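Enquirer:
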Amino acid sequence: MSSEPIKIGIAELKTAFSPATLFTAGLGSCIGVCLWDPKIKLGGIVHIMLPDSTLGRNHVINKAKYADTGIRALIDEMLSKGANKRRLVAKTAGGAQMFIMQSNLEMLKIGERNIEAVRNELKHQNIKLISEDVGGNYGRTIEFFTENGQLLVKSIYKGVKII
């Protein structure tokens, strides 16, 4: 693996060829979407905050912030580096409901809405979601290994697991 893990911040996306480790922290209601092309060992993460770019307040948006535009932007970045869309597979983590709300308003259930939006966009893009660790009420940090496509998920309450 490369000596320094590559950090992806909130509403950012990055890609790297093997050997590399990509990581993102602070996945509460946010979702980390990891895409991997196993043939060329190219991986990428987008740290998604919100489900839909129509929630943006102006016409200039950060594509990585939203599920619909962020996943497309990550695909485009990977294709520009030689990935084949038919080979791409996805793993996801996050989408928690971090705070208990007394309201049943759907708009407050950002984690659930992010999960649904990510699944829908991956399906729309014909990318197979091969594993996920989503939902719950706890945050996550993830590390994605471009060598083998493994996703390490860490959380205070659930420990460490590889998906």
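The opening position of the sequence shown corresponds to residue 189 in this note's numbering, with each subsequent residue numbered one higher.
In this text, a Cβ means the ideal position worked out from N, Cα and C, and glycines have one as well.
All values derive from a computational prediction rather than experimental measurement.
#1: Just to confirm my understanding: we take Glu265, look at its own chain, exclude 5 residues before and 5 after, and list those with CB closer than 6 Å. What are they?
#2: For Phe332, does the count of other Cβ atoms within 10 angstroms reach 16, so buried, or fall short, so exposed?
#3: So what does DSSP say about Glu265, is it helix, strand or coil?
#4: Can you tell me which of Lys349, Ser343, Ile351 puts its alpha carbon nearest to the alpha carbon of Ala213?
#5: Determine the closest residue to Ser241 out of Tyr345, Lys229, Tyr254, with distance taken between C-alpha atoms.
#6: Using the Cα positions of Lys316 and Phe287, report the straight-line distance between them to the nearest angstrom.
#7: With a threshold of 8 Å on Cβ separation, who are the neighbours of Ile249 within its own chain once the five nearest residues in sequence on each side are excluded?
#8: Tell me the rounded alpha-carbon separation between Lys311 and Gly327.
#9: Would you give the residue range spanned by the beta strand (DSSP E) that Gly347 belongs to?
#10: Do you know how far the Cα of Asn325 is from the Cα of Cys222?
#11: Rank Trp224, Lys195, Phe211 by C-alpha distance to the C-alpha of Glu335 and give the top, closest one.
#12: Are the CB atoms of Val234 and Ala281 within a distance shorter than 8 Å?
#13: Just curious, the alpha helix (DSSP H) that Glu320 is in, first and last residue?
#14: Put Ile242 into one of helix, strand or coil per three-state DSSP.
#15: Would Phe205 pass as an interface residue toward chain C - the criterion being a Cβ-Cβ separation below 8 Å?
#16: Just verifying my parser: in three-state terms, what is the DSSP assignment at Lys279?
#17: The alpha helix (DSSP H) with Lys311 in it runs from where to where?
Expert: On the basis of the coordinates in this document:
#1: Here residue 265 refers to the residue found at position 77 of the sequence shown. For Glu265, where only same-chain residues beyond five positions count, the Cβ hits under 6 Å are Thr203.
#2: Sequence index remark: in the sequence shown, residue 332 carries index 144 (1-based). Of the other Cβ atoms in all chains shown, 16 or more fall within 10 Å of the Cβ of Phe332; this residue is therefore buried.
#3: Numbered from 1 along the sequence shown, position 77 holds the residue referred to as residue 265. In this structure, Glu265 counts as helix in the three-state DSSP scheme.
#4: Your numbering for residue 213 matches position 25 in the sequence shown. Minimum Cα distance to Ala213 is reached at Ser343.
#5: As a working mapping, residue 241 is identified with position 53 in the sequence shown. Comparing Cα-Cα distances from Ser241 to each of Tyr345, Lys229, Tyr254, the minimum goes to Tyr254.
#6: Along the sequence shown, one-based indexing puts residue 316 at 128. Along the sequence shown, one-based indexing puts residue 287 at 99. Their backbone Cα atoms lie some 30 Å apart in a straight line.
#7: Stepping through the sequence shown from its first residue, residue 249 is reached at position 61. Here the set comprises Ser241, Thr257.
#8: Along the sequence shown, read from residue 1 onward, the residue named residue 311 stands at position 123. Along the sequence shown, read from residue 1 onward, the residue named residue 327 stands at position 139. Roughly 25 Å between the two C-alpha positions.
#9: To locate residue 347, count along the sequence shown from 1; it is residue 159. Gly347 -> beta strand (DSSP E) spans 347–350.
#10: Looking up residue 222 in the sequence shown gives position 34. Looking up residue 325 in the sequence shown gives position 137. Their Cα atoms are separated by approximately 21 Å.
#11: In the sequence shown, the residue the question calls residue 335 occupies position 147. Closest by alpha carbon: Trp224.
#12: Taking the first residue of the sequence shown as position 1, residue 281 is located at position 93. Taking the first residue of the sequence shown as position 1, residue 234 is located at position 46. No; because the gap between Cβ atoms is not below 8 Å, this pair is not in contact.
#13: Position 132 of the sequence shown, counting from 1, holds the residue named residue 320. That residue, Glu320, is in no alpha helix (DSSP H); its beta strand (DSSP E) goes 316–322.
#14: The residue you call residue 242 lines up with position 54 of the sequence shown. Strictly speaking, residue 242 in this sequence is Thr, with Ile absent from that position. Thr242 falls in the helix class under three-state DSSP.
#15: Among the chains of the structure shown, chain C does not appear; only one protein chain is present.
#16: The residue you call residue 279 lines up with position 91 of the sequence shown. Here Lys279 sits in strand by DSSP.
#17: Here residue 311 is taken as the residue at index 123 of the sequence shown, counted from 1. Taken as a continuous stretch (DSSP letters only), the alpha helix (DSSP H) holding Lys311 covers 298–312.
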